[in-house]
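Enquirer: 144 is the number that the UniProt record's numbering gives the last residue of the sequence shown; the numbers go up by one with no jumps.
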Amino acid sequence: MKVIGTGGTSSVGGPRQARPGAAAGGFRLPGPEAAIGPSQTSSTSSVGGVMGVDALLALQDVGGPLERKRRAVGRAGRILDVLDEVKVALLGGELSAQDLDRLQRAVRDERSRTDDPRLEAVLDEVELRAAVEIAKLEQARHAA
Numbered sequence: 001m002k003v004i005g006t007g008g009t010s011s012v013g014g015p016r017q018a019r020p021g022a023a024a025g026g027f028r029l030p031g032p033e034a035a036i037g038p039s040q041t042s043s044t045s046s047v048g049g050v051m052g053v054d055a056l057l058a059l060q061d062v063g064g065p066l067e068r069k070r071r072a073v074g075r076a077g078r079i080l081d082v083l084d085e086v087k088v089a090l091l092g093g094e095l096s097a098q099d100l101d102r103l104q105r106a107v108r109d110e111r112s113r114t115d116d117p118r119l120e121a122v123l124d125e126v127e128l129r130a131a132v133e134i135a136k137l138e139q140a141r142h143a144a
């Protein structure tokens, strides 16, 4: 049934006969001679459209250099936020092992996503300093 305007409906006609000279590439069943003769190929334009969508989705997942830089800046911002919290806690005399552990986790997460040797060296220094401060806190706790 096909809706035409608001005045009513009209029924859609039954099956139509194939027109002679209709465009090739539509659906058709091979006849008995196709089993004996060489195989025929049909148009695959609709498959190409689906493959194009897959390619676009794959490109979105990869991301360009600007996207990678944006993510790296976001991760660096998170590390700087944790460092700032550690600084405030240290200046206030309320530095805890949990603060330093959170800093170490943030550094480890960033290290797994980088291949820059200079950045890895800086991350190594930050992680080592956090480990030293954790050791100092544990010694102070055992001494008390």
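Just so it is clear, CB atoms sit at the ideal spot from N, CA and C, and this is done for glycine as well.
Predicted model only: the values in this text are computed from it and were never measured.
#1: Could you tell me if residue 126 is buried or exposed, where buried requires 16 or more neighbouring beta carbons within 10 angstroms of its beta carbon?
#2: Which residue from 86, 97, 111, 110 puts its Cα closest to that of residue 138?
#3: Within 10 Å of its beta-carbon, does residue 94 have 16 or more other beta-carbons around it, so buried, or fewer, so exposed?
#4: The alpha helix (DSSP H) spanning residue 135 covers which residue range?
#5: Less than 8 Å between the beta carbons of residue 89 and residue 99, yes or no?
#6: Could you please give the first and the last residue of the uninterrupted alpha helix (DSSP H) stretch that includes residue 77?
#7: Three Cβ pairs or more, each shorter than 8 Å: is that satisfied between the region 105 to 120 and the region 72 to 81?
#8: Verify whether the separation of the beta carbon atoms of residue 128 and residue 111 is less than 8 Å.
#9: Report all residues from its chain with a CB closer than 6 Å to the CB of residue 134; omit the five preceding and five following residues, and keep chain order.
#10: Quick check: the Cα distance between residue 121 and residue 91, rounded to an integer number of angstroms?
#11: Is it buried or exposed for residue 86, if we count other Cβ within 10 angstroms and need 16 for buried?
#12: May I ask you to report which of helix, strand or coil DSSP gives residue 113?
Expert: Answer, in terms of the structure:
#1: For the purposes of this step, residue 126 is taken as the residue at position 126 of the sequence shown. Looking at its Cβ environment, which holds 16 or more other Cβ atoms inside 10 Å, residue 126 is buried.
#2: The residue labelled residue 138 in the question sits at position 138 within the sequence shown. Out of 86, 97, 111, 110, 97 has the C-alpha closest to the C-alpha of residue 138.
#3: Within the sequence shown, the letter at position 94 stands for residue 94. Result: exposed.
#4: Residue 135 sits at position 135 when you count from the first residue of the sequence shown. Counting along the chain, the alpha helix (DSSP H) containing residue 135 begins and ends at 117 to 143.
#5: To locate residue 89, count along the sequence shown from 1; it is residue 89. To locate residue 99, count along the sequence shown from 1; it is residue 99. Cβ atoms of residue 89 and residue 99: closer than 8 Å.
#6: As a working mapping, residue 77 is identified with position 77 in the sequence shown. Its alpha helix (DSSP H) spans residues 65 to 91.
#7: yes
#8: One-based indexing of the sequence shown puts residue 128 at position 128. One-based indexing of the sequence shown puts residue 111 at position 111. Taking 8 Å as the Cβ cut-off, residue 128 and residue 111 do not qualify as a contacting pair.
#9: Taking the first residue of the sequence shown as 1, we reach residue 134 at position 134. Answer for residue 134: 97, 100, listed in chain order.
#10: One-based indexing of the sequence shown puts residue 121 at position 121. One-based indexing of the sequence shown puts residue 91 at position 91. Between residue 121 and residue 91, the C-alpha separation is close to 26 Å.
#11: As a working note, residue 86 is residue 86 in the sequence shown. Buried, since its Cβ has 16 or more Cβ neighbours within 10 Å.
#12: As a position in the sequence shown, residue 113 is number 113, starting the count at 1. Coil.
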